[in-house]
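Adding 5 to a residue's 1-based position in the sequence shown gives its number in the working numbering.
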Amino acid sequence: MLRGHGHAASDIIHITDYVVERGSDKHIAYAASKAALDNMTRSFARKLAPEVKVNAIAPSLIMFNEGDDEAYRQQALDKSLMKIAPGEKEISDLIDYLFTSRYVTGRSFAVDGGRPLR
6 MLRGHGHAAS DIIHITDYVV ERGSDKHIAY AASKAALDNM TRSFARKLAP EVKVNAIAPS
66 LIMFNEGDDE AYRQQALDKS LMKIAPGEKE ISDLIDYLFT SRYVTGRSFA VDGGRPLR
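Below you can see the structure in the form of structure tokens.
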């Protein structure tokens, strides 16, 4: 995602994944590609500042699919400390913050409800 602000810095926001922190034994190529994107976020931030701010968002479960049954939903919720599916507004609020900030760059923001701490 790239957004310009006229005279202010432009923004690049990458969407990575919480799996960047923990790896995956089932989805190795996917986890590696998200880890590469996480590193690219920092590399681009160094290269493009101060004209462009570059950040990443690393979500875990944000919302369920329509067909997800109650057993699956409960199992997924139990994987985080917060035990909720926060919905897309959690991500859009963070994007708004990143667009508004004039200073934050080169960071990856975990939106995971404390999942790695379980």
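By construction, the Cβ of each residue, glycine as well, lies at the ideal position given by its N, Cα and C atoms.
Under the rule that a run must span 3 or more residues, the beta strand (DSSP E) segments found entirely inside the stretch 41-120 read 57-64 and 113-116. Closest option to Arg120, judged by alpha-carbon separation, among Lys88, Asp98 and Ile96: Lys88. A check of alpha carbon separations from Asn44 across Thr110, Glu95 and Leu103 identifies Thr110 as the nearest. With a threshold of 16 other beta carbon atoms within 10 Å, Pro55 falls short and is exposed.
Assignment of Ser15 by DSSP, reduced to helix, strand and coil, places it in the strand class. Contact between Leu42 and Thr21 holds: their C-beta atoms lie close to 5 Å from each other, under 8 Å. Relative to the Cα of Ala50, the nearest Cα in the group Asp16, Leu122 and Glu26 belongs to Asp16.
Here Ile33 is exposed, its C-beta having fewer than 16 other C-beta atoms within 10 Å. Taking the Cα of Leu122 as reference, the smallest distance to any Cα among Lys84, Tyr35 and Ser113 is reached at Lys84. Pairing Val25 with Ala63 gives a Cβ-Cβ distance under 7 Å. Under DSSP, the beta-bridge partners assigned to Ile20 are Ile62.
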